[in-house]
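Visitor: Protein chains in written order, with numbering that gives the first Met the number 0: chain A, 0 to 320; chain B, 0 to 249; chain C, 0 to 95.
Even for Gly, the Cβ is constructed at its ideal location relative to N, Cα and C.
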Amino acid sequence: MSSTIEQNSPTTVMQERLDQFQARIDADEKIEPKDWMPEEYRKTVLRQMSQHAHSEVIGMQPEGNWILRAPCLRAKKILLAKIQDEGGHGLYLYSAAETLGTGREALIESLHNGKAKYSSIFNYPTLNWADIGAIGWLVDGAAIVNQVSLQRTSYGPYARAMVRICKEESFHQRQGYEIMTTMMRGNSAQKEMAQDAMNRWWWPALMMFGPHDKDSAHTQQSMQWRIKRESNDVLRQRFIDKTIDQAHLIGLTIPDEQLKYNEDTKHWDIGPINWDEFWQVVGGHGLCNEQRMKHHIRAHQDGQWVREAANAFAQKQISFN
Amino acid sequence: METQQALYQYAVRLGDNSLIMAQRLAEWCSNGPILEEDLALTNAALDYLGEAENYYNYALSLEPDGRTADDLAYLRNERQYYNCLLAEQPNGDYAQTMVKLALFSAYLKLLYDALSQSTDTNLSALASKSLKEVKYHFRHSSEWMIRFGHGTEESKSRAQQAIYELWRFTSDMFETTAADATLKGIVPDPASIQSEWNSVINDLLSRCGLKKPEDPYQVKGGYQAKHTEHLGHILCELQFLQRAYPGAKW
Amino acid sequence: MEQDNQLPLWEVFIQKNNGLPFKHEGSIHASDAAMALQNARDIYTRRGEGRTIWVVPSSAIAATTVEDEAEFFDPSDDKIYRHPTFYVMPEGAKQI
Chain A
0 MSSTIEQNSP
10 TTVMQERLDQ
20 FQARIDADEK
30 IEPKDWMPEE
40 YRKTVLRQMS
50 QHAHSEVIGM
60 QPEGNWILRA
70 PCLRAKKILL
80 AKIQDEGGHG
90 LYLYSAAETL
100 GTGREALIES
110 LHNGKAKYSS
120 IFNYPTLNWA
130 DIGAIGWLVD
140 GAAIVNQVSL
150 QRTSYGPYAR
160 AMVRICKEES
170 FHQRQGYEIM
180 TTMMRGNSAQ
190 KEMAQDAMNR
200 WWWPALMMFG
210 PHDKDSAHTQ
220 QSMQWRIKRE
230 SNDVLRQRFI
240 DKTIDQAHLI
250 GLTIPDEQLK
260 YNEDTKHWDI
270 GPINWDEFWQ
280 VVGGHGLCNE
290 QRMKHHIRAH
300 QDGQWVREAA
310 NAFAQKQISF
320 N
Chain B
0 METQQALYQY
10 AVRLGDNSLI
20 MAQRLAEWCS
30 NGPILEEDLA
40 LTNAALDYLG
50 EAENYYNYAL
60 SLEPDGRTAD
70 DLAYLRNERQ
80 YYNCLLAEQP
90 NGDYAQTMVK
100 LALFSAYLKL
110 LYDALSQSTD
120 TNLSALASKS
130 LKEVKYHFRH
140 SSEWMIRFGH
150 GTEESKSRAQ
160 QAIYELWRFT
170 SDMFETTAAD
180 ATLKGIVPDP
190 ASIQSEWNSV
200 INDLLSRCGL
210 KKPEDPYQVK
220 GGYQAKHTEH
230 LGHILCELQF
240 LQRAYPGAKW
Chain C
0 MEQDNQLPLW
10 EVFIQKNNGL
20 PFKHEGSIHA
30 SDAAMALQNA
40 RDIYTRRGEG
50 RTIWVVPSSA
60 IAATTVEDEA
70 EFFDPSDDKI
80 YRHPTFYVMP
90 EGAKQI
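#1: Tell me the rounded alpha-carbon separation between residue 66 of chain C and residue 143 of chain A.
#2: Should the segment 220 to 237 of chain A be called in touch with the segment 165 to 177 of chain A, which here means at least 3 C-beta pairs below 8 Å?
#3: What is the C-beta distance between residue 306 of chain A and residue 4 of chain C, in whole angstroms, given that I count them as a contact (C-beta under 8 Å)?
#4: Should residue 207 of chain B be labelled buried (16 or more other beta-carbon atoms within 10 Å of its own) or exposed?
#5: Got a sec, what are the start and stop residues for the beta strand (DSSP E) residue 217 of chain B sits in?
#6: I think residue 50 of chain C touches residue 15 of chain C, with their Cβ atoms under 8 Å apart; what is that distance to the nearest whole Å?
#7: When DSSP labels each residue in this structure, what does residue 299 of chain A get in the three-state scheme?
#8: With H, G and I counted as helix, E and B as strand and the rest as coil, what does DSSP make of residue 70 of chain A?
#9: Could you tell me which residues DSSP puts in a beta bridge with residue 9 of chain C?
#10: Identify, in the order they occur along the chain, each residue of the same chain with its Cβ nearer than 6 Å to the Cβ of residue 110 of chain A, setting aside the five sequence neighbours on each side.
#11: Just how far apart, CA to CA, sit residue 236 of chain B and residue 222 of chain A?
#12: Check each candidate in A:90, A:58, A:50 and A:64 and name the one with the smallest Cα separation from residue 139 of chain A.
#13: If you follow the alpha helix (DSSP H) that residue 261 of chain A is in, where does it begin and where does it stop?
#14: Can you confirm whether the segment 17 to 37 of chain B touches the segment 85 to 95 of chain B when touching is taken to mean that 3 or more C-beta pairs between the two stretches lie within less than 8 Å?
#15: Could you work out which residues of chain C lie near residue 201 of chain B, taking near to mean beta carbons separated by less than 8 Å?
#16: Please compile the residues from chain A whose C-beta is within a distance smaller than 8 Å of the C-beta of residue 49 of chain B.
#17: For residue 257 of chain A, which residues from the same chain have a beta carbon less than 6 Å from its beta carbon, with the 5 sequence-adjacent residues on both sides left out?
#18: Does the Cβ of residue 216 of chain B have 16 or more other Cβ atoms within 10 Å, making it buried, or fewer, making it exposed?
#19: Going by DSSP, what residue range makes up the alpha helix (DSSP H) through residue 37 of chain B?
#20: Is DSSP giving residue 293 of chain A helix, strand or coil here?
#21: Cβ atoms of residue 24 of chain A and residue 155 of chain A: under 8 Å apart, would you say?
#22: Is the beta carbon of residue 71 of chain C less than 8 Å from the beta carbon of residue 84 of chain C?
#23: Considering just the uninterrupted stretch of the beta strand (DSSP E) at residue 267 of chain A, what are its terminal residues?
#24: Nearest chain B C-beta to residue 23 of chain C closer than 8 Å, yes or no?
#25: Identify the contact partners of residue 102 of chain A in chain C, using a Cβ-Cβ distance below 7 Å as the criterion.
#26: What three-state label does DSSP hand residue 253 of chain A in the structure shown?
#27: Three-state secondary structure (DSSP) at residue 186 of chain B?
#28: Return helix, strand or coil for residue 163 of chain B, following the three-state DSSP convention.
#29: Anything in chain B within Cβ reach of residue 68 of chain A, meaning under 8 Å, just list it in chain order.
#30: Are the beta-carbon atoms of residue 114 of chain B and residue 187 of chain B separated by less than 8 Å?
#31: Taking the beta carbon of residue 100 of chain A as the centre, do at least 16 other beta carbons fall within 10 Å, making it buried, or is it exposed?
#32: Give me, in chain order, the residues of the same chain whose beta-carbon lies closer than 8 Å to that of residue 162 of chain B; leave out the 5 immediate sequence neighbours on both sides.
#33: Identify whether residue 116 of chain B lies in helix, strand or coil by the three-state DSSP scheme.
#34: Is the Cβ of residue 38 of chain B closer than 8 Å to any Cβ of chain A?
#35: What first and last residue would you give for the alpha helix (DSSP H) that runs through residue 61 of chain C?
#36: Should residue 324 of chain A go down as buried or exposed, given a rule of 16 or more other Cβ atoms within 10 Å for buried?
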């Protein structure tokens, strides 16, 4: 008798639902928007998708900084198409986030009031044309390692957005590496710019994977729910291993004196990451944090009357013909 | 003027119009009123960039001297650019950009439609391809003008202000140059394009509930490479790397 | 702060080639149908993925929920006579 009472107690019912949910996850089922999910799962997925969406959109700024100055017609077309993709990816991800019932206006408001974050990498400035190469090769390269893994994330709309994004992103890293290659084959000023960009973007790119696993607050639960499929350190090492060879191939030096190939593990060992810098930038003290946010808020506010006009027009239902 | 030389000048002018418009539209990247419009304007900018490259390449095929489309885009000065004045005007607010794009794409739509029938088969092929693109730009921008005209008081007044500010640059698009005269029969008569354009725009403005300025004052000179001060600054940015590192390959 | 608006949400369906079914590709925001079609074009057909586009206001879509799943779909599980493999054909029967 006592067990019946216990079974019906709210905590037990909740535990059963949690167990069923975990069983679905363990069976590699996708969780869809209307499915029951633990509140913490909903929050985590929403936070991650919104952060990811904001990163794509804010990422348009440092690259956009060079659209008007792209050095030839081909480069200008490619860069425009690439930044356009980033905007599209932001849009796919906002849509995925919206399936959880939070509208895009609310997501943008959270960005503006500082509750939502975006990837800190975009708080670094793009100072020369090689930075566009470095962003494509290193920043997108790091992002892709993460995104490929996220194609198997447990939340259905997020996974589907990632599949589409990965398909489109595949040219981004190549265009970046092509810029670096061309510059490394160019004159001494170009080589210097390429190495300078490498020096400035290498460490921030490694920081993109987040703190070491032992220091990462969210990793364990996210892994159990298969929101995140592989840990920060695993993904970071994968990126390091493939990128170092690419750098050496075109004659770039990795700005790490402790860099060493480890024969035992068959991986590259790197020197210590400057986490103080990481937390400084996350905390808002990067070179461009304020600039990026002001830019986004300004564009958003400037567009307010346009959106109001579009809505007002729709209310009047005037035909175009 | 010989036909060949006139065709060269004509093609370069088409390329310049597209390139400068592309550069202006690209400025909207990450600045649009809504993410969807950011992508729409980038698409238009990419269309114009592609057109510019095509027209430059055609021009160079007529006078092959080893120069490339990039040389034309990046190594000429203000007084060697032949785009219309409208293209180089600043973007202003979104109403101004949409009005500018509508006025400009309406012109190109009529021009390319006529050029697609040209006896110069290269030119007609390029024009046919561009025509699809500029038709879409006109659709997109003219619909926004209609939304603004019937949206809110603010949007209507911004759109009206944009027309007042940009109207004086419109006749410049239809100026007849020596090249036009030489190419009579191969390219359309600018005056006939202008009269068609007037009726398209009159119709659009009436659908928007907007009007032309009462003062018909017009400024001209783009096709003679006599520009407003804006072009120099566009070229500063456009050409920076090519000028800073002469001869470098990118 | 004034009430912001990102314009209503629409669902986008794209037919990739003549004769194929329309497939749900994602969503966009737009204030009217003309804008929705153009936004869908600019966002979902940048790589030649489209031939025809449908857009539908998201609010117009009715959907079953996960709670409906059992009563909606399970009853069809045992109706195996709806499948051709259920039927026993005599040896040698052809083209059936």
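Guide: Taking the definition as stated:
#1: For the purposes of this step, residue 66 of chain C is taken as residue 67 along the third sequence, with counting starting at 1. For the purposes of this step, residue 143 of chain A is taken as residue 144 along the first sequence, with counting starting at 1. Each residue's Cα considered, the two are about 36 Å apart.
#2: no
#3: Position 307 of the first sequence holds residue 306 of chain A. Position 5 of the third sequence holds residue 4 of chain C. Correct: roughly 5 Å between the Cβ atoms.
#4: Counted from its first residue, the second sequence places residue 207 of chain B at position 208. Buried, since its Cβ has 16 or more Cβ neighbours within 10 Å.
#5: Working through the second sequence from its first residue, we reach residue 217 of chain B at position 218. From DSSP, residue 217 of chain B is part of no beta strand (DSSP E); its letter is neither H nor E.
#6: Here residue 50 of chain C is taken as the residue at index 51 of the third sequence, counted from 1. Here residue 15 of chain C is taken as the residue at index 16 of the third sequence, counted from 1. About 6 Å; that satisfies the 8 Å criterion.
#7: Start at 1 with the first residue of the first sequence, and residue 299 of chain A comes out as number 300. Three-state result, residue 299 of chain A: helix.
#8: In the first sequence, residue 70 of chain A corresponds to position 71, counting from 1. The answer is coil: DSSP assigns residue 70 of chain A none of H, G, I, E or B.
#9: For this step, residue 9 of chain C is matched to residue 10 along the third sequence. Paired residue(s): C:27 and C:56.
#10: Position 111 of the first sequence, counted from the first residue, corresponds to residue 110 of chain A. Taken in chain order, the residues that qualify are 53.
#11: Walking along the second sequence from the start, residue 236 of chain B turns up at place 237. Walking along the first sequence from the start, residue 222 of chain A turns up at place 223. Roughly 47 Å separates the two Cα atoms.
#12: One-based indexing of the first sequence puts residue 139 of chain A at position 140. The residue with the shortest Cα to Cα distance from residue 139 of chain A is A:58.
#13: By 1-based counting over the first sequence, the position of residue 261 of chain A is 262. No alpha helix (DSSP H) contains residue 261 of chain A, which is instead part of the beta strand (DSSP E) from 259 to 261.
#14: Touching, yes, given that three or more Cβ pairs across the two stretches are closer than 8 Å.
#15: Sequence index remark: in the second sequence, residue 201 of chain B carries index 202 (1-based). Near residue 201 of chain B there are no residues of chain C at all, since even the closest Cβ is about 22 Å away, more than 8 Å.
#16: Mapped onto the second sequence, residue 49 of chain B falls at position 50. In chain order: 76.
#17: In the first sequence, the residue the question calls residue 257 of chain A occupies position 258. Contacts found: 270.
#18: The count along the second sequence starts at 1 and reaches residue 216 of chain B at position 217. It is exposed - the Cβ of residue 216 of chain B has fewer than 16 other Cβ atoms within 10 Å.
#19: Stepping through the second sequence from its first residue, residue 37 of chain B is reached at position 38. 34 to 61 is the span of the alpha helix (DSSP H), which, as asked, contains residue 37 of chain B.
#20: Numbered from its first residue, the first sequence carries residue 293 of chain A at position 294. Looking at residue 293 of chain A - three-state DSSP - the assignment turns out to be helix.
#21: Here the question's residue 155 of chain A lines up with position 156 in the first sequence. Here the question's residue 24 of chain A lines up with position 25 in the first sequence. Their beta carbons are not under 8 Å apart, which means residue 155 of chain A does not touch residue 24 of chain A by this criterion.
#22: As a working note, residue 71 of chain C is residue 72 in the third sequence. As a working note, residue 84 of chain C is residue 85 in the third sequence. Taking 8 Å as the cut-off, the Cβ atoms of residue 71 of chain C and residue 84 of chain C do not count as close.
#23: Along the first sequence, read from residue 1 onward, the residue named residue 267 of chain A stands at position 268. 266 to 268 is the extent of the beta strand (DSSP E) around residue 267 of chain A.
#24: Your numbering for residue 23 of chain C matches position 24 in the third sequence. Residue 23 of chain C does not count as touching chain B.
#25: Here residue 102 of chain A refers to the residue found at position 103 when the first sequence is read from its first residue. Annotation: Cβ neighbours of residue 102 of chain A in chain C (cutoff 7 Å, chain order): 5.
#26: The sequence position of residue 253 of chain A within the first sequence is 254, counting from 1. Coil at residue 253 of chain A, not helix or strand.
#27: In the second sequence, counting from the first residue as 1, residue 186 of chain B sits at position 187. Residue 186 of chain B: strand per DSSP, three-state reduction.
#28: Against the second sequence, residue 163 of chain B aligns to sequence position 164. Here residue 163 of chain B sits in helix by DSSP.
#29: Here residue 68 of chain A corresponds to residue number 69 of the first sequence, with the count starting at 1. In chain order: 236, 237, 239 and 240.
#30: On the second sequence, position 115 is the one that residue 114 of chain B refers to. On the second sequence, position 188 is the one that residue 187 of chain B refers to. Yes. Within cutoff.
#31: For the purposes of this step, residue 100 of chain A is taken as the residue at position 101 of the first sequence. Exposed.
#32: The residue labelled residue 162 of chain B in the question sits at position 163 within the second sequence. For residue 162 of chain B, where only same-chain residues beyond five positions count, the Cβ hits under 8 Å are 98, 204, 209, 210, 211 and 212.
#33: For this step, residue 116 of chain B is matched to residue 117 along the second sequence. Look at residue 116 of chain B here: in three-state DSSP terms it is coil, with no helix or strand label.
#34: Taking the first residue of the second sequence as position 1, residue 38 of chain B is located at position 39. With 8 Å as the cut-off, residue 38 of chain B counts as an interface residue toward chain A.
#35: For the purposes of this step, residue 61 of chain C is taken as residue 62 along the third sequence, with counting starting at 1. Looking at the DSSP string, residue 61 of chain C is not in any alpha helix (DSSP H), and its letter there is neither H nor E.
#36: Limits of chain A in this structure are 0 at one end and 320 at the other, which puts residue 324 of chain A out of reach.
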